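Student:
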Amino acid sequence: MLLNNTTAPAALEGITVLDLAGPLGNYCGKLFADMGADVILVEPREGAPSRHAGPYIDNHKACESSLKYQYENTSKRSIVLDLERPEDRDVFLQLSKRASLILESEAPGTLKHLGLCYATLRRANPAIVLTSITPFGQEGPYAQWLATDLTAMAMGGMMYLAGYPDSAPMVACGEQAIAAANLFAAVASLAAVNDAEQSGSGQHVDVSMQESVVMGLENAVQFYDLETTIRKRNAGTQRLAGTGAFKCSDGYVYLMAGGVGSNRFWGVTTEWLVSEGLANAEQFRDAKWADQAFLATEEAKQVFHDVFAPFALIHTKAELHTKGRERRIPLAPICNATDIAADPQRTYRSFFVETVDHDGNTLCMPGAPYLLEATPWRLAGPAPTLGQHSAQVLSELRHASYGRTYDLQMEEGQ
Amino acid sequence: MKRLLTGTRIIDFSWIGAGSYTTKILADLGADVIKIESTQRLDTLRVTKPFKDGIPGVNRSGYFADRNSSKRSITLNVKSEQGLALAKQLITDAHLVSNNFTPGVMDKLGLGYDILQNIRPGIVFVSMSMQGANGPAKKDLGYGLTIAALTGFMHLTGLPERPPAGTGTNYPDHIPNPGHAAFAILAALRHQRRTGEGQMIDLAQIEPTLAMLGPNLMNYFVNGTIEERAGNTHPEQAPHGVYPCAGDDRWIAIAICTDDQWLALSRALDLPQQPGWASLAGRLADQVALDEAVSRATEQFDAHTLARTLQTQAIPCGPVQDARDVLERDPQLAARKHWVTLDHPEVGPSTYNSAPYRYSDALSQPTSPAPLLGQHTHEICRDLLGLDENEINQLAKAGVLA
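Protein chains in written order, with our numbering: chain A, 1 to 414; chain B, 415 to 816.
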């Protein structure tokens, strides 16, 4: 609903970002671009690595058809530069002089090898912020270790908490280690850019993907630190009696009868189940069910299962969701993509947005993660084709450097 | 060394998960975050395990502590007339007011955006409800786990033939929502600094969580593909999985991205070969047999030792680490000084997360342990509200500072 509000100011206008398309993707740059920064994706000749990662439009691998690429690069411009070539490096340095932020995710030392270490960039532009997103950070014993999303989830500890007690630990869907590193990098970078705009002095920001995953350990480290217990995975079981996934007639629901940490919703859940006429639900009124220690026992979980599971099984996800909603009990359907796309709340908020790519495909995707009243999120355009804005960016650069504009057509003829 | 958000004042009504983790990010960066608490309605995490030595108490929860480092706490009964006036007074020189209640709660307290923007023109007001300020589901309540259910995290994580697994945590509370909220806040604070204009930020916790699954959702919208759980497999890489190692519940994650890495792994583990396995297509077509072969080879090794060995052969892999491993055993996290020990007034020396980023010319680790309930009530009344001892005592006696 805010998408057509093109006259509103952008929160990040005036910020130019050079997004050096690296192996850890481009979501960080997208966050800046969709809030109004001028984000220039600097691609090698073969294109950003995210162009070569699935899923693909119509399952057809091509330079412009990766949905990961299309999602992570909205509202950006693209220029092709071969940073191994001195003349292209010089262009990059010229661009750096006019930029606020450079994003990169190459192995530590790669930029230095190219003669583009932070000290060099800073000499060109003292206010420049350089953000390096790497698997483990710039220094340390694992700095040169190879990693992927899977191995970072393992080494950061989140994986150990996910999965079934009798299975291997499970990786989260959607490459969350990479996403988390990009998200924290965006926060860290914007704080540094805000400061540099006032102090005139930039920073090198060193983001670790492993460490980003560690932020997702909930209370597992504190359990070890304070009570010396090691939290394990528990999928397919109830975390506590009344908290877990329950099978229903058309899928699963997730019920949190106790809420988090307390038994805030136990009473209302009990009265609901009693009102449904469930055999043996009255016993949940007994004081022992208010005790977390009891809820953690196998006995309590079995009793709850025996009362609730047969009831859940003869209702749909939607029916149970409605019943939970009416009584303000945290009960949610376990949704797949169809359910998510059909949610009237998302439609009401115009959350999913459409753009048309350069081949004419309509691409629908998640839109504004936040609604800012005065400076709305907006999609400035689809992800660029490889090198789409090379001539334009070079022209702007020469115009800025020498005070004259080159003929765009001549540039394109180069 | 400087902190990047020094001089930023935040009046923080957030509690439990995502809200408190958002303001922790800002507090650790140097913002003065004043957490408005109530003894009548405790932040649930104050009474949530784990507790120091397993003994419950409002100042003993490690779950609460880690999410509230570097903040100050004032207990204030904003349902009383005087308490409400003091809250408003605190807001008159703040930059940001934050909450993660369901929509309408701040309005009912007399602290809605409409009122606050008159008291403090230019204020940024962030609300982090589950479903957003408006719409048919605006009153829904939820936690990270139910948000994970609604957004596909549960459906898509786990084994296809087993029930949905999810991350086993309230993941949306820890990374997707605090990360996006902090970014939006920093963007709004920039606009405030440059123009003097404030604004309302309406964040529906479902939506940043969905934003973390963009390509998965686009696969449905664009291709009509409803993605399903796929265990630890990868559509374009094999072997790609988690394999057993020596010891109790010890595992190694291995992700082979290229044919060269496959050859290196085959040599390092002396794997049996099948004719098709030389190509990615052949490996993807025969993953069960492939994973069995890798598992038979890994189970004799210590996970950490094997990971070090395979890394010398340029194979992407890593041990599956538990909470003790990341805290006590990981030399990389230690080298980065990720874990910070802070001396909490009641709990004593205890462990806190630092942010996952380091600055060349600024600090980003927590400055102080989580506050005791109301620990800073007196100093905030004195220093920020300009009250004298007598006035503070009278307010305390009247139950306003509770």
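Quick reminder that beta carbons are idealized off the backbone N, C-alpha and C, glycines included. Here the structure is a predicted model, which means the values were calculated and not measured.
#1: I want to verify the contact list: residues of chain B whose CB lies under 8 Å from the CB of Ala186/A, in sequence order.
#2: How many Å lie between Tyr406/A and Val91/A at the Cα?
#3: Taking the alpha-carbon of Leu116/A as reference, which of His204/A, Asn194/A, Pro382/A, Ile40/A has the nearest alpha-carbon?
#4: What residue does the beta strand (DSSP E) around Glu43/A start on, and which one ends it?
#5: Determine the chain B residues that contact Ser212/A at a beta-carbon separation under 7 Å, and present them in chain order.
#6: Along chain B, which residues have their Cβ under 7 Å away from the Cβ of Ser167/A?
#7: Buried or exposed for Pro733/B, please, with buried defined as at least 16 other CB atoms from any protein chain shown within 10 angstroms of its CB.
#8: Of all the options Gly526/B, Pro517/B, Leu418/B, which has the alpha carbon lying nearest to the alpha carbon of Gln619/B?
#9: At 3 residues or longer, what runs of the beta strand (DSSP E) sit wholly inside the region 172-218 of chain A?
#10: For His315/A, decide whether its Cβ has a neighbour in chain B, counting only Cβ atoms nearer than 8 Å.
#11: Alpha carbon to alpha carbon, how far is Ser768/B from Leu183/A? Give it in angstroms, no decimals.
#12: Could you check whether Glu64/A and Thr583/B sit closer than 8 Å to each other, using their CB atoms as the reference points?
#13: Excluding the five sequence neighbours on either side, which residues of its own chain have a C-beta within less than 7 Å of the C-beta of Ile439/B, listed in chain order?
#14: Let me know the secondary structure DSSP gives Asn767/B once reduced to three states.
#15: Per DSSP, what kind of secondary structure is Glu412/A in: helix, strand or coil?
#16: What three-state label does DSSP hand Arg51/A in the structure shown?
#17: So with Cβ pairs under 8 Å, would you call Pro649/B a contact of chain A?
#18: From what residue to what residue does the alpha helix (DSSP H) around Ala596/B run?
#19: Can you pull the chain B residues whose beta carbon is under 9 Å from the beta carbon of Ser208/A, in chain order?
#20: Establish whether the CB of Arg681/B and some CB of chain A are separated by less than 8 Å.
#21: Verify whether the separation of the beta carbon atoms of Pro382/A and Leu41/A is less than 8 Å.
#22: Tell me the DSSP secondary structure of Glu805/B in three-state form.
#23: Identify the contact partners of His204/A in chain B, using a Cβ-Cβ distance below 7 Å as the criterion.
#24: Is the beta carbon of Leu278/A sitting closer than 8 Å to the one on Phe311/A?
#25: Mind checking the region 215-237 of chain A against chain B and listing, in chain order, the residues whose C-beta falls within less than 7 Å of any C-beta there?
#26: Taking just the CA atoms, how far does Tyr160/A sit from Ala220/A?
#27: Pro366/A touches chain B at which residues, Cβ-Cβ below 8 Å?
#28: Asn234/A lies in the beta strand (DSSP E); which residues open and close that run?
#29: Cβ of Ile533/B less than 8 Å from any chain A Cβ?
#30: Can you list the beta strand (DSSP E) stretches of 3 or more residues lying completely in the region 341-412 of chain A, in chain order?
#31: By the 10 Å Cβ neighbour count, where 16 or more other Cβ atoms means buried, how is Lys485/B classified, buried or exposed?
#32: Closer than 9 Å, Cβ to any Cβ of chain B: which residues of the region 342-359 of chain A, in chain order?
#33: For chain A, is any of its Cβ atoms less than 8 Å away from the one on Trp665/B?
#34: So what's Phe308/A in DSSP terms, helix, strand or just coil?
#35: Measuring straight from C-alpha to C-alpha, what distance separates Ala579/B and Leu685/B?
#36: Say whether chain B places a C-beta atom closer than 8 Å to the C-beta of Thr338/A.
Tutor: The relevant details are as follows:
#1: In chain order: Gly593, Phe597.
#2: With a pLDDT of 39 at Tyr406/A, under the threshold of 50, the modelled position of this residue cannot be trusted; read the value that follows with caution. The straight-line gap from Cα to Cα measures roughly 15 Å.
#3: Of the listed residues, the one whose Cα sits closest to Leu116/A is His204/A.
#4: Here the beta strand (DSSP E) through Glu43/A covers 38-43.
#5: In chain order: Pro770.
#6: The answer, in chain order, is Leu573.
#7: Classification of Pro733/B: buried, given that the 10 Å Cβ count is 16 or more.
#8: Residue Pro517/B is the option with its Cα nearest to Gln619/B.
#9: Listed in chain order, they are 204-208.
#10: No, no contact with chain B.
#11: Near 16 Å, if we compare the C-alpha coordinates of Ser768/B and Leu183/A.
#12: If you check the CB distance, Thr583/B and Glu64/A do not come in under 8 Å.
#13: The answer, listed in chain order, is Pro592, Ala596, Ala769.
#14: In the structure shown, Asn767/B sits in a strand (DSSP, three-state: E or B).
#15: Because the pLDDT at Glu412/A is just 38, under 50, the model does not fix this residue reliably, and the point stays unresolved.
#16: Arg51/A: helix per DSSP, three-state reduction.
#17: Output row for Pro649/B: interface = yes.
#18: Run containing Ala596/B: 590-609, per the alpha helix (DSSP H) assignment.
#19: Within chain B, the residues near Ser208/A are Gln746, Leu747, Arg750, His752, Pro770, Tyr771, Arg772.
#20: Arg681/B does not count as touching chain A.
#21: Against a cut-off of 8 Å, the Cβ pair of Leu41/A and Pro382/A comes out as no contact.
#22: Secondary structure of Glu805/B (DSSP, three-state): helix.
#23: Chain B residues near His204/A: Ser774.
#24: Result yes, Cβ atoms of Leu278/A and Phe311/A sit closer than 8 Å.
#25: Flagged, chain order: Met215, Gly216, Leu217, Glu218, Asn219, Ala220, Val221, Gln222, Phe223, Tyr224, Asp225, Leu226, Glu227, Ile230, Arg231, Arg233, Asn234, Ala235, Gly236.
#26: The alpha-carbon separation between Ala220/A and Tyr160/A amounts to approximately 10 Å.
#27: What Pro366/A touches in chain B: Glu621, Leu624, Ala625, Leu627, Gly628, Leu631.
#28: Annotation for Asn234/A: no beta strand (DSSP E) segment contains it, and DSSP assigns it neither H nor E.
#29: Taking a beta-carbon distance threshold of 8 Å, Ile533/B does not count as an interface residue toward chain A.
#30: Segments of the beta strand (DSSP E) lying fully in the region 341-412 of chain A: 352-356, 362-366.
#31: With 16 or more Cβ atoms within 10 Å of its Cβ, Lys485/B is classed as buried.
#32: Only those residues of the region 342-359 of chain A whose C-beta falls short of 9 Å from the nearest C-beta of chain B are listed: Asp343, Pro344, Gln345, Arg346, Thr347, Tyr348, Arg349, Phe351, Phe352, Glu354.
#33: At least one C-beta of chain A is nearer than 8 Å to the C-beta of Trp665/B.
#34: Helix, per DSSP.
#35: Approximately 31 Å, taken between the alpha carbons.
#36: Closer than 8 Å: yes.
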